[in-house]
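Quick note, the sequence shown lines up with residues 329 to 615 if you use the numbering used here.
Here's the structure, in structure tokens; my notes come after.
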Amino acid sequence: MGDPVTGRSPAIRFFRRNTAVSGTPERWRIRRDRFHSGREPEHDLHFVADWVRTRLQVLPHRSTRADASSERGEIVAQVLVAQRDHSSSDASFNIVLMGMGEPLHNYDNVMKAIRILHDENGLNMSMSRITLSTAGLLPGIERLAKEPMIPNLAISLTGATNEKRNALMPINRKYPIEQLLDAVHRFPLKHRQRVTFEYVLLEGVTDAPEDAFALVKLLQGIRAKVNLIPLNEAEELSYRRPSDAAVEQFQQILIDHNISAFIRKNRGNDISAACGQLKKKWAEVPA
Numbered sequence: 329m330g331d332p333v334t335g336r337s338p339a340i341r342f343f344r345r346n347t348a349v350s351g352t353p354e355r356w357r358i359r360r361d362r363f364h365s366g367r368e369p370e371h372d373l374h375f376v377a378d379w380v381r382t383r384l385q386v387l388p389h390r391s392t393r394a395d396a397s398s399e400r401g402e403i404v405a406q407v408l409v410a411q412r413d414h415s416s417s418d419a420s421f422n423i424v425l426m427g428m429g430e431p432l433h434n435y436d437n438v439m440k441a442i443r444i445l446h447d448e449n450g451l452n453m454s455m456s457r458i459t460l461s462t463a464g465l466l467p468g469i470e471r472l473a474k475e476p477m478i479p480n481l482a483i484s485l486t487g488a489t490n491e492k493r494n495a496l497m498p499i500n501r502k503y504p505i506e507q508l509l510d511a512v513h514r515f516p517l518k519h520r521q522r523v524t525f526e527y528v529l530l531e532g533v534t535d536a537p538e539d540a541f542a543l544v545k546l547l548q549g550i551r552a553k554v555n556l557i558p559l560n561e562a563e564e565l566s567y568r569r570p571s572d573a574a575v576e577q578f579q580q581i582l583i584d585h586n587i588s589a590f591i592r593k594n595r596g597n598d599i600s601a602a603c604g605q606l607k608k609k610w611a612e613v614p615a
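Printed below as a string of structure tokens:
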């Protein structure tokens, strides 16, 4: 299937390899990352991007955006490349579908790709190893809840109050936290399954102890885990990354209230491939 913008094959367009100083292979539109908590073993995650134009958050992803949504074949192709490169690793293989936009705006293609990944004649991946990440598109979450086979759900929360989330995630003005959390309460979960909440830590904005306590209150009664993401700084952003001490204090407050909390390690900054930093310059280099 050709690329909707350039007409080139996805294998040429999507899989330029760049290697970070850390030794982690970083790919344009495919990124490997790790989470740690000090209590559980590290595990590899392969982030698969779905391109679709949208503006649901103020914090800009320094990522290239396509003029059209990714087709199911393009999404599956990214996973195939990640799977090939993963074959020498002992860690488990997990996929997170997340946007250079919003995956649930491309619902049909994303779900078709997930079904191919799960099908025994496809990649035969367990749904427990597939996660769909959303900024909180409520109609899409409610539609997903009715699917016969459902991947793990991750929600980009970032702010624990409507005031802060309105400023950082404009989608909250249409679907406020109360409505979002009500849908999460009703979302069907299997035994031991949890909803992941992704929370970006911004110095002086979302990293204070009172923000952590607000998050604790917000997640009461929800089978949840929290991925804490210290901001990856960029010249065009006015926000700053919190200190390690502030990040660890935030995490500890959550753990003390029986919420599993993980800190994402910062990897790939040197090649602009850290979370939210897949810069357009890589897209402008001829394949």
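Cβ coordinates follow ideal geometry from the N, Cα and C atoms, glycine included.
From the DSSP output, read off the bridge partner residues of residue i.
| i | result |
| --- | --- |
| GLU526 | SER484, ASN555 |
In chain order, what residues of the same chain have a beta carbon less than 8 Å from the beta carbon of residue i, not counting five sequence neighbours either side?
| i | result |
| --- | --- |
| TYR503 | GLY464, LEU465, LEU466 |
| ARG443 | GLY450, MET477 |
| GLN385 | Annotation note: pLDDT 48 at GLN385 (below 50); position unreliable, no value reported. |
| TYR567 | LEU387, LEU530, GLU531, VAL533, LEU559, GLU561 |
| ALA473 | ALA511, ARG514, PHE515, PRO516 |
| GLU475 | MET439 |
Applying the 10 Å Cβ sphere with the 16-neighbour rule, what's the burial state of residue i?
| i | result |
| --- | --- |
| MET477 | exposed |
| ASP584 | exposed |
| ASN490 | exposed |
| ASN452 | exposed |
| LYS492 | buried |
| ASP539 | buried |
| SER454 | exposed |
| PRO570 | buried |
For the beta strand (DSSP E) holding residue i, just list the boundary residues, first then last.
| i | result |
| --- | --- |
| LEU472 | Counting along the chain, LEU472 falls outside any beta strand (DSSP E), though it belongs to the alpha helix (DSSP H) covering 466-472. |
| ALA589 | 588-592 |
Taking just the CA atoms, how far does residue j sit from residue i?
| i | j | result |
| --- | --- | --- |
| ILE599 | LEU565 | Confidence at ILE599 is low in this model, with a pLDDT of 46, below 50, so the placement of that residue is unreliable and no value is reported for it. |
| GLU368 | ARG520 | Below a pLDDT of 50, predicted positions are generally treated as unreliable, and GLU368, at 43, falls in that range; the measurement from the model is reported next regardless. Cα to Cα, the separation comes out at about 15 Å. |
| ILE458 | HIS446 | 9 Å |
| GLN507 | GLU531 | 27 Å |
| GLY401 | ALA495 | 35 Å |
| ILE581 | ALA410 | 35 Å |
| ASN437 | ASP572 | 39 Å |
| ASN422 | LEU481 | 13 Å |
| SER415 | LYS553 | 28 Å |
| ALA542 | ALA488 | 6 Å |
| ARG412 | ILE403 | 15 Å |
| GLN648 | ARG501 | In this structure the chain extends from 329 to 615, so residue 648 is not present and cannot be described. |
| VAL544 | ILE587 | 8 Å |
| LEU509 | VAL575 | 24 Å |
| PRO537 | GLN577 | 7 Å |
| GLN579 | PRO479 | 26 Å |
| THR524 | ILE550 | 10 Å |
| GLY351 | ASP535 | Note that GLY351 has pLDDT 47, beneath the 50 cutoff, so the model's placement of it is unreliable and the number below is only indicative. Rounded to the nearest angstrom, the two C-alpha atoms are 30 Å apart. |
| VAL424 | VAL407 | 10 Å |
| GLU448 | LEU546 | 38 Å |
| ILE505 | ARG522 | 18 Å |
How is the alpha helix (DSSP H) around residue i delimited, first residue to last?
| i | result |
| --- | --- |
| LEU460 | From DSSP, LEU460 is part of no alpha helix (DSSP H) but of the beta strand (DSSP E) over 458-462. |
| PHE541 | 537-546 |
| ALA574 | 572-584 |
| ILE402 | The sequence shown places Glu at residue 402, not Ile. Run containing GLU402: 400-414, per the alpha helix (DSSP H) assignment. |
| GLN507 | 505-514 |
| LYS518 | Premise fails: LYS518 is in no alpha helix (DSSP H) and is neither H nor E. |
| HIS433 | Here HIS433 belongs to no alpha helix (DSSP H), and DSSP marks it neither H nor E. |
| ILE499 | 499-502 |
| LEU496 | 490-496 |
Leaving out five residues before and five after residue i in sequence, what residues of the same chain have Cβ atoms less than 7 Å from its Cβ?
| i | result |
| --- | --- |
| ARG471 | TYR435 |
| ILE557 | GLU526, TYR527, VAL528, LEU529, ARG592, CYS603 |
| LYS440 | ARG400 |
| GLY468 | LEU432, TYR435, THR462 |
Is residue i near the ligand NAP, going by C-beta to nearest heavy atom under 7 Å?
| i | result |
| --- | --- |
| GLY532 | Within the structure as shown, the ligand NAP is missing, as the structure has no ligands at all. |
In its own chain, which residues sit with a C-beta less than 6 Å from the C-beta of residue i, not counting the 5 before and 5 after it?
| i | result |
| --- | --- |
| LYS518 | none |
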